[in-house]
Amino acid sequence: MKTLTFFFSILVSLQFVNAGSFEDRHNHQLYYTAPATIWEETLPLGNGRLGMMPDGGVDREHIVLNEISLWSGMEADYGNPDASRSLPAIQQLLFEGKNKEAQELMYSSFVPKKPESGGTYGNYQMLADLNIDFCFPHRRKTTSENDTAPVTDYRRWLDLRDAVAYTSFTKEGIDYQREYFTSRDKDVMIIHLTASRRRALSFSAQLSRPKQGVVSMLPGIGKEEGTLLLEGTLDSGKPGREGMKYRVAMRLISKGGKQNISAERGITLTQGREAWLVLSATTSYAASGTDFSGNRYKEVCDSLLNAATQHVQIKESHIASHRTFYDRVSLTLPSTEDDVLPTNERITRFTERESPALAALYYNYGRYLFISSTRPGSLPPNLQGLWANGVETPWNGDYHTNINIQMNHWPLEQAGLSELYQPLTALIERLIPSGEETARTFYGTHAQGWVLHMMTNIWNYTAPGEHPSWGATNTGGAWLCAHLWEHYQYTQDIEFLKRIYPVLKGASEFFYSTMVREPKHGWLVTAPTSSPENAFFVGNDPTPVSVCMGPTMDVQLLTELY
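So that you can map any letter, position 179 of the sequence shown is 475 in this note's numbering, and since no number is skipped, the others follow by simple counting.
Encoded structure:
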């Protein structure tokens, strides 16, 4: 998603029309002729809260599951009193052109302090692994155990218009098809499995997690089938304090065949023809904010599962819900014969000759990813959207406010997705109390308003990053204010403007109260700060330096803010 959103800034200048019929289906589909070999090749599905990525494996299907609020860590105090005391010396060094010395002083003083009461920044984590092992009938008997009947007509694809992924193939004359979607309206994950011949569908589905996950089962009551559970508690970083809790519940509904369920083997179906795996998942954050003491999240998880299993054929309502967002925009570019190729081949061919319609697919995929990774009442897309593999995500899978969260939202209004601004607006509002405390702690008691540096998380982190060369950027909040204002410009919603005015005003007050007058020109500048991920040299010293005062980016952002 970090890369895709950069392309949106180019495409917004193209003319959009209201979506009618989608005749150009090749630009609304990712299509491949082989299973994914790595996680990055799998097909992302999401309803703004839940996500899954199936790899389309034949004998074993591996599906990574996600829930956007599953974070380790907890809210904590990172205040460092040394920061504000060292601020005059840092600024004086910058006035004297001693940027390297100013940066070195910041390494020891202008950094977040480890919370005395415990707690950690944490990171976004995967929810679970779902592995489905298939047993096919009539396997050929050969001298090698690894030799099986060949697979023909293999295809896996993602329909962007419907937000449904598919895998299909033929084996021993039997056609198999799998459908996967994360229902936007029913808020569950569905995997629909079929075989063209009776008693040809047999598999075992197991839930697991690299750590902090325990599998158990609940027996069925009456005609209700049993439920497989995966539950756990993540680390908070504070001794004696439990972190985020989660629950995954999976149930099998089948036509024909024999079912069995156990904590050790998972859910098994033998000699069936059609089956649905229905999964529900919640965290204690999603259900009850930062109160981890109750079991409300479990009740919500089970309620969603029970409602969905009463009527498993919910694909049509899911598609209708997704298209409410997706069908708002249509983009048509000249087609070529390459458009019918599998997506990986289209991309390769694009490097050799012009294929304009690939840009339309690129834009549609970006819209799809945004729609799939956020929803009102949830969280905004993080650095991974909402898809993550493993418990150690790159850059913590957090929110980088020095461009990435902004890039994710650049195409939002132009694509007619205005209501999907709600999660970002709510996130910003939750940061204000922490941002006010950070302003006073790091910039002195005279500091007013609120500040946000270059990164944040669901625990309202607003302090500088631990490495001043990139962590000193303090215009993250100012930049996010531009998005709030853009939303008002598109909607002309006066009530929204009344709501966000204190946020804009507080951000303005911070810079008005903390900017200093540099000696050469008498300009008011931010100091210390940095231009994100940019370094320079001072004089003949070969040491790269990042800390400075009044970089061009800050000038632009504050001009827009005021």
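Built from N, CA and C at the ideal position, the CB exists for glycine as well.
Taking a contact as a CB-CB distance under 8 Å, the pair D429 and F499 counts as one, their CB atoms being some 6 Å apart. If you draw a 10 Å sphere on the C-beta of I796, you find 16 or more other C-beta atoms in it, and that means buried. Residue environment analysis places R474 among the buried positions, since at least 16 neighbouring C-beta atoms fall within 10 angstroms of its C-beta. Take H696, set aside five residues on each side of it, and the residues of its chain with a beta-carbon closer than 7 Å to its own are L679, M750 and M751, in chain order. By the criterion of a C-beta distance shorter than 8 Å, A461 is surrounded in its chain by L339, L341, P350, R452, W453, L454, D455, E475, Y476 and F477, once the five residues flanking it on both sides are discounted. In the same chain as I563, and ignoring 5 residues on each side of it, the C-beta atoms closer than 6 Å to its own belong to A501, L524, L548 and I557, in chain order. Residue range P764 to G767 is occupied by the alpha helix (DSSP H) that includes W766. In this structure, G745 and A735 form a Cβ contact; the two beta carbons are roughly 6 Å apart against a cut-off of 8 Å. W819 sits exposed, since fewer than 16 C-beta atoms from the chains shown fall within 10 Å of its C-beta. For the 9 Å CB-CB criterion, S532 and G539 form a contact. Per DSSP, the continuous beta strand (DSSP E) segment holding W572 begins and ends at E570 to T579. Note on geometry: alpha-carbon atoms of L657 and Q852 lie some 33 Å from one another. The shortest C-alpha to C-alpha distance from A385 to any of Q399, P535, D373 and G846 is the one to Q399.
Sorting C431, F432 and Y472 by C-alpha distance to the C-alpha of D449 places Y472 at the top. The beta carbons of W683 and S674 sit no closer together than 9 Å. Going by C-alpha positions, E814 is about 7 Å away from V821. In this structure, the beta-carbon distance from C777 to N395 does not fall below 9 Å. With respect to the 9 Å criterion, L727 and N756 are classified as neighbours on the basis of their beta carbons. In this structure, E829 places its C-beta atom within 9 Å of the C-beta atom of N698. Between K554 and E595, the alpha-carbon positions lie close to 29 Å from each other.
When the alpha-carbon of G415 is set against those of Q387, S368 and D378, the nearest one is in S368.
Between P824 and L383, the CB-CB gap stays under 9 Å. Annotation for H705: the continuous alpha helix (DSSP H) segment containing it runs N700 to H705. Excluding sequence positions up to five before and after E650, its CB lies within less than 8 Å of the CB of T632, all in the same chain and listed in chain order. Residues A424, L503, G509, V511 and V544 of the same chain have their beta carbon placed closer than 6 Å to that of L526, with the five preceding and five following residues left out of the count. The beta-bridge partner set that DSSP reports for T463 consists of R452 and R474. Judged by DSSP secondary structure, E733 falls within the alpha helix (DSSP H) whose first and last residues are Q718 to Y739. Apart from the 5 residues on each side of it in sequence, E762 sits with its Cβ closer than 8 Å to the Cβ of V407 and P408 in its chain, given in chain order.
Between the alpha carbons of P630 and L600 lies a gap of roughly 44 Å. DSSP places G662 inside the alpha helix (DSSP H), whose first and last residues are A653 to S668. Annotation: the continuous beta strand (DSSP E) that includes F499 extends over L497 to S504. Beta-carbon to beta-carbon, D634 and R642 are separated by about 6 Å, close enough to satisfy the 8 Å threshold.
Residue pairing for L366: DSSP places it in no beta bridge. The shortest C-alpha to C-alpha distance from T737 to any of D378, L366 and K467 is the one to D378.
Contact check for A332 against G353 passes: the beta carbons are separated by less than 9 Å. With 16 or more other Cβ atoms from the protein chains shown falling within 10 Å of its own Cβ, F465 counts as buried.
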